[in-house]
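J.:
Protein chains in written order, with my numbering: chain D, 2 to 192; chain S, 2 to 192.
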């Protein structure tokens, strides 16, 4: 089955942005030629799920070609109906149903690109299979939390940690399989 | 100058306890003969600061000998006056003044043993010099957060990360020095 992965940066105190969507703390770890594994990670992704606010933010900051480039299926979770644009689909229905359908289909991995609302909705339904979390060496003190209160408990399997010259530490976990799921090795052989 | 250190365990989603002070998630990483560096860390500590609730909790769970053993000065931060017991002092005044006084005195390092209220009060005044944070491979979903909202931004210096067989990852940071402070090397030479 396809997996749903999170690949995200957070401050040590657990914020993905300062108040007013301020992402300037990411500059702390910006080094030319260092993408912290992003390109390698994205090479195995053919589907992106993200929230409407994050989509609008990125479109405004980087430009529409970041998502609407025909390379991947992009599902923008929104409450407002909007016609699809190429492979970008504005999805207004149940997010669990979407993810379960996508996971049952063939393909590469699915990437949740934020924001916190969508991530926490996925966590509430135990739908995230892999966590790649880059910890930036800063306490932001306030802002948008990666993890909101009111989710179920979920035990993780630690995979690895990578450190970088900038002081960024990248933690990698997988969702712990329950007893009735096949082990990872079997799954990777199958697919 | 003496440093004030934090040595604490948190879930990946940033909780130091589940609701109702439930610490049972720590059992996930309990391995005989593995103390995750605690004894080595404590060997360099001669003073403990902690909140009254944490003090009462530990006294009840472990027994009074955990703190009141004559080995270290213990400052219990409380709103209620109470006579000292041996080297355990119940401190009702300004916590910043206490820490600044202790730091100016000679001695080994100072350890803040929690809880979240005292830690965040210290963070608000930029008084924590060293962070040793053990990340337990679990999402708790709810509980007492290590880092509360409403603190100042604080850039950290990444020191090292250690991994353990249990999946625990121990992150080590230092408070980033401002320009008018001497560098670490100079300070350690001075003693």
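Glycine included, every Cβ here is placed at the ideal spot set by N, Cα and C.
1. Do residue 5 of chain D and residue 119 of chain D count as a contact pair if the criterion is CB distance below 8 Å?
2. Could you pull the start and end residues of the beta strand (DSSP E) that residue 60 of chain D belongs to?
3. Could you check whether the Cβ of residue 195 of chain S sits closer than 8 Å to any Cβ belonging to chain D?
4. Pull up the CB-CB distance for residue 27 of chain S and residue 137 of chain S, whole angstroms please, since I reckon it's below 8 Å.
5. Measure the CB-CB distance between residue 3 of chain D and residue 111 of chain D and report whether it falls below 8 Å.
6. Given that residue 155 of chain S touches chain D, what residues does it touch there, using C-beta distances under 8 Å?
7. What are the uninterrupted segments assigned as beta strand (DSSP E) that are 3 or more residues long and contained completely in the segment 17–93 of chain D, given in chain order?
8. In terms of DSSP beta bridges, what is residue 175 of chain D paired with?
9. Grab me the residues of residue 143 of chain S's own chain with a C-beta within less than 8 Å of its C-beta, minus the 5 sequence neighbours each way, in chain order.
10. Let's see if you can read the secondary structure: which residues bound the alpha helix (DSSP H) around residue 105 of chain S?
11. Closer than 7 Å by C-beta to residue 130 of chain S: which residues in its own chain qualify, once you throw out the five before and the five after it? Chain order, please.
12. Can a CB atom of chain D be found closer than 8 Å to the CB of residue 170 of chain S?
13. Note down, in chain order, each residue of its chain lying with its Cβ closer than 7 Å to the Cβ of residue 89 of chain D, except the 5 sequence neighbours on either side.
14. Within its chain, find whatever has a CB closer than 8 Å to the CB of residue 82 of chain D; leave out the 5 residues flanking it on each side and keep chain order.
15. Which residues of the segment 58–76 of chain S have a Cβ closer than 8 Å to any Cβ of chain D? Give them in chain order.
16. If you drop the 5 nearest sequence neighbours on each side, which residues of the same chain put their C-beta closer than 6 Å to that of residue 121 of chain D?
17. The ligand ZN and residue 103 of chain D: does the residue's C-beta get closer than 7 Å to at least one heavy atom of that ligand?
18. For residue 114 of chain D, does the count of other Cβ atoms within 10 angstroms reach 16, so buried, or fall short, so exposed?
19. Pull up the distance between the alpha-carbon of residue 132 of chain S and that of residue 124 of chain S, whole angstroms please.
20. Confirm, please, whether the CB-CB distance from residue 9 of chain D to residue 156 of chain S is below 8 Å.
21. Which residues, in order along the segment 33–57 of chain D, keep a beta-carbon less than 7 Å from a beta-carbon of chain S?
22. Over what stretch of residues does the alpha helix (DSSP H) that includes residue 123 of chain S continue unbroken?
23. Are the CB atoms of residue 116 of chain S and residue 48 of chain S nearer to each other than 8 Å?
24. Roughly how many angstroms separate the alpha carbons of residue 87 of chain D and residue 38 of chain D, rounded to a whole number?
25. Nearest chain S C-beta to residue 191 of chain D closer than 8 Å, yes or no?
26. Taking the beta carbon of residue 102 of chain S as the centre, do at least 16 other beta carbons fall within 10 Å, making it buried, or is it exposed?
27. For residue 30 of chain D and chain S, any beta-carbon pair shorter than 8 Å?
28. Quick one: using the 10 Å Cβ neighbour count with 16 as the cut-off for buried, is residue 12 of chain D buried or exposed?
T.: Taking the coordinates as given:
1. Cβ atoms of residue 119 of chain D and residue 5 of chain D: not closer than 8 Å.
2. Taken as a continuous stretch (DSSP letters only), residue 60 of chain D belongs to no beta strand (DSSP E), being part of the alpha helix (DSSP H) at 53–62.
3. Outside the modelled stretch of chain S, which goes from 2 to 192, sits residue 195 of chain S, for which no answer is possible.
4. 7 Å
5. yes
6. Those within 8 Å of residue 155 of chain S in chain D are 139, 140 and 142.
7. 46–52, 74–78 and 89–92
8. D/131 and D/158
9. 16, 19 and 20
10. 96–105
11. 4, 5, 6, 175 and 176
12. yes
13. Answer for residue 89 of chain D: 68, 69, 75 and 77, listed in chain order.
14. 91 and 93
15. Listed by position, the residues of the segment 58–76 of chain S near chain D (Cβ gap below 8 Å) amount to none.
16. 149
17. Absent from the structure shown: the ligand ZN. Ligands present: none.
18. Residue 114 of chain D counts as buried, since no fewer than 16 other beta carbons sit within 10 angstroms of its beta carbon.
19. 11 Å
20. no
21. Listed in sequence order: no entries.
22. Per DSSP, residue 123 of chain S belongs to the alpha helix (DSSP H) from 117–125.
23. no
24. Taking the straight line joining both Cα atoms gives about 27 Å.
25. Confidence is the limiting factor: at residue 191 of chain D the pLDDT is only 38, short of 50, which leaves the residue's position unreliable, though a coordinate-based value still follows. Cβ-Cβ to chain S under 8 Å: no for residue 191 of chain D.
26. Of the residues assessed, residue 102 of chain S falls on the exposed side of the cut-off, its CB having fewer than 16 other CB atoms within 10 angstroms.
27. no
28. Label assigned to residue 12 of chain D: buried.
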